[in-house]
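J.: In the numbering used here, the protein residues as written are 1303 to 1616.
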């Protein structure tokens, strides 16, 4: 990446993972290292902490939350339309158009003057972070785009190390609330769903960060998240339980049948093992899967250039 002390040159991100062989290039790239490193940094920042913990409220964090709240009001102004199809309400396309029209100006408001040129890169990730306008679906690739957007802000130092817990507990939690509303209001389809054999229809990363919160908890164990009474009492403190609560609201029938992978995870003895297992699963089932990662785009901030750790000495 360009030296941020100088005036950096930014470029419109483009797709570069065009076939399955490119996945290996991605796994060895600076973008992969930065993106996964960002997730793991936040994973450490929330370890053993409740969402209600006191954490920083910087100007950038406040602006990000306001941005997400503004997007939420667009749902009120864009009600679902009457249509014969049960799923994929076409009003979502109007919501997406509004995001496309406003993304650049919202991002400009987040950036210091010397980095305003970065909006061309940030906008690409933000616009793709809420689902596909044509298919009216959402999945882990879209979730990754929103996290990439936050990662870029971190690389630009708009967000810094002291913001890490707040990025998860304030910004990403607000994003989750917005996504759940979009998913239920417009009856969005899961993108590339593995059905009962996937972790969740829509999200993955909140389960990683949510399990980190619960590491070394004095009483809550993995077996407890299948108990509706525990989920109800603890979902505001723990992101993992918040995810389970939304699944329970959206699905009917026995938990073991509609969420078989999560049911299996409930038999793991300690949260530390759940957390490390989910990180391993995320790398294998999301970051290394061509159908998911082929849509990811690369610019200056997140580059497909080989990461330093993989470069061979001359």
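Each residue gets a CB set at the ideal place from its N, CA and C atoms; glycine is no exception.
Keep in mind the model is a prediction, meaning the values are calculated, not measured.
1. From the DSSP output, in three-state form, read off residue 1536 for me.
2. Distance check for residue 1578 and residue 1508, CA to CA, integer angstroms please.
3. Could you name each continuous alpha helix (DSSP H) segment of 4 residues or more that falls completely within the segment 1388 to 1437, going from the start of the chain to the end?
4. Run the CB neighbour count on residue 1311, radius 10 Å, all protein chains shown included, and call it buried at 16 or more, exposed below.
5. Nearest CA to the CA of residue 1362: which residue from 1583, 1411, 1537?
6. Flag this pair as touching only if the segment 1550 to 1561 and the segment 1576 to 1592 have three or more C-beta atom pairs under 8 angstroms; answer yes or no.
7. Out of 1512, 1589, 1550, 1447, which has the shortest C-alpha to C-alpha gap to residue 1316?
8. Can you tell me which of 1518, 1557, 1460 puts its alpha carbon nearest to the alpha carbon of residue 1366?
9. Measuring straight from C-alpha to C-alpha, what distance separates residue 1488 and residue 1500?
10. Output the distance between the C-alpha atoms of residue 1334 and residue 1505, rounded to the nearest integer angstrom.
11. Runs of 4 residues minimum, wholly inside the segment 1491 to 1563: which ones carry the alpha helix (DSSP H) assignment?
12. Sort out for me which residues DSSP pairs residue 1599 with in a bridge.
13. Give me, in chain order, the residues of the same chain whose beta-carbon lies closer than 7 angstroms to that of residue 1616; leave out the 5 immediate sequence neighbours on both sides.
T.: The structure says:
1. Note: residue 1536 maps to helix in three-state DSSP.
2. Rounded to whole angstroms, residue 1508 to residue 1578 spans 14 angstroms at the Cα level.
3. The alpha helix (DSSP H) runs lying completely inside the segment 1388 to 1437 and spanning 4 residues or more are 1393 to 1410, 1421 to 1429, given in chain order.
4. So residue 1311 counts as exposed.
5. Distances from the CA of residue 1362 to each of 1583, 1411, 1537 were compared; the closest alpha carbon is that of 1411.
6. The segment 1550 to 1561 makes no contact with the segment 1576 to 1592; the number of CB pairs closer than 8 angstroms stays below 3.
7. With respect to the C-alpha of residue 1316, the residue from 1512, 1589, 1550, 1447 having the closest C-alpha is 1447.
8. Among 1518, 1557, 1460, the Cα nearest to that of residue 1366 is on 1460.
9. If you draw a straight line from the Cα of residue 1488 to the Cα of residue 1500, it is about 22 angstroms long.
10. Their Cα atoms are separated by approximately 19 angstroms.
11. Correct list: 1507 to 1515, 1530 to 1536, 1541 to 1552, 1557 to 1560.
12. By DSSP's assignment, residue 1599 forms a beta bridge with 1317.
13. Here residue 1616 scores only 46 on pLDDT, less than 50, and its place in the model is too uncertain to base an answer on.
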